[in-house]
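One structure is given here, and the rest of the page talks about it.
Numbering (the working numbering), first residue to last: 7 to 242.
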């Protein structure tokens, strides 16, 4: 069984009614949509959002997963269809009163990676990360990642929703607010406030993503030249 540093920070303890001894549960099991058995660790959450909590998991073939758990199924969410079409997740399912979307574990959230490595990143490395972020969004917008060649807007872009793997590649995660392109939002606001424009109603879905991408670049100091290179990078 794979050990993980998140286990120690958030475990569930119960008291045996007969002996009074405290019993700590480090993990539990889930049966997935296709009958797979997932080991869900009770460690510190990988992420926390308005739609649920994400924790670490593993299957018996040693593959690693990010398990998103929520008490209710988000209304009008297309996460199930979009994440599966993009090859990022298993089918949505309900188990013991909870709802689960299980994503492939794609690495460290970019905000945590930058916090740990910022002092050691050269300008060239920062610039490389910025290009990869822009290219990842561009490929989502043009349907390159879709099995059905469908173009999507992420609509919740922020450093926490980019992951970097061991080979240095970037991946988008959490499609809970995502929608099909093109178009505008129907009288609703999606995304994190710090990454939204002043007037959401006037922006297209694609523009909302691009603005959030630019703010993600600047808020993390990923590159000093992101603005001047943005249009050229998205066109590549």
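Beta carbons are placed, not taken as given, at the ideal position from N, Cα and C, and that holds for glycine. Computed from a predicted model, the values in this text were never measured in an experiment.
In terms of residues, what are the limits of the beta strand (DSSP E) holding residue i?
i           : result
residue 104 : 104–110
residue 168 : 168–170
residue 176 : 176–178
residue 99  : 99–101
Between which two residues does the alpha helix (DSSP H) carrying residue i extend?
i           : result
residue 118 : 116–123
residue 138 : 129–148
residue 85  : 85–91
Which word fits residue i, buried or exposed, when buried means at least 16 other C-beta atoms lie within 10 angstroms of its C-beta?
i           : result
residue 211 : buried
residue 174 : exposed
residue 78  : exposed
residue 193 : exposed
residue 64  : buried
residue 162 : buried
residue 135 : buried
residue 122 : exposed
residue 130 : exposed
residue 204 : exposed
residue 128 : exposed
residue 9   : A caution first: residue 9 carries a pLDDT of 35, below 50, which makes its placement in the model unreliable, though a value can still be read off. Exposed, by the Cβ-count rule.
residue 132 : buried
residue 67  : exposed
residue 223 : buried
residue 69  : exposed
Just confirm the distance between the C-beta atoms of residue i and residue j, as a whole number of angstroms; I'd bet it's less than 8 Å.
i           : j           : result
residue 93  : residue 171 : Not quite, the Cβ-Cβ distance comes to about 15 Å (not below 8 Å), so this is no contact.
residue 202 : residue 178 : Not a contact, Cβ separation roughly 18 Å.
residue 95  : residue 164 : About 19 Å separates the two Cβ atoms, so there is no contact after all.
residue 151 : residue 88  : Not really, about 10 Å apart at Cβ, beyond 8 Å.
residue 115 : residue 166 : 5 Å
residue 176 : residue 138 : 4 Å
residue 200 : residue 221 : 7 Å
residue 215 : residue 160 : 6 Å
residue 97  : residue 90  : 6 Å
Sort out for me which residues DSSP pairs residue i with in a bridge.
i           : result
residue 158 : 186
residue 62  : 72
residue 95  : 109
Using 8 Å as the limit for Cβ to Cβ distance, is residue i near chain D?
i           : result
residue 106 : Included in the structure is just one protein chain, with no chain D present.
Segment contact flag, the region 178–191 with the region 148–163, C-beta cutoff 8 Å, min 3 pairs: yes
Examine the Cβ distances between the region 101–113 and the region 67–81 and report whether three or more of them are shorter than 8 Å. The region 101–113, when compared against the region 67–81, does touch it at the 8 Å Cβ threshold.
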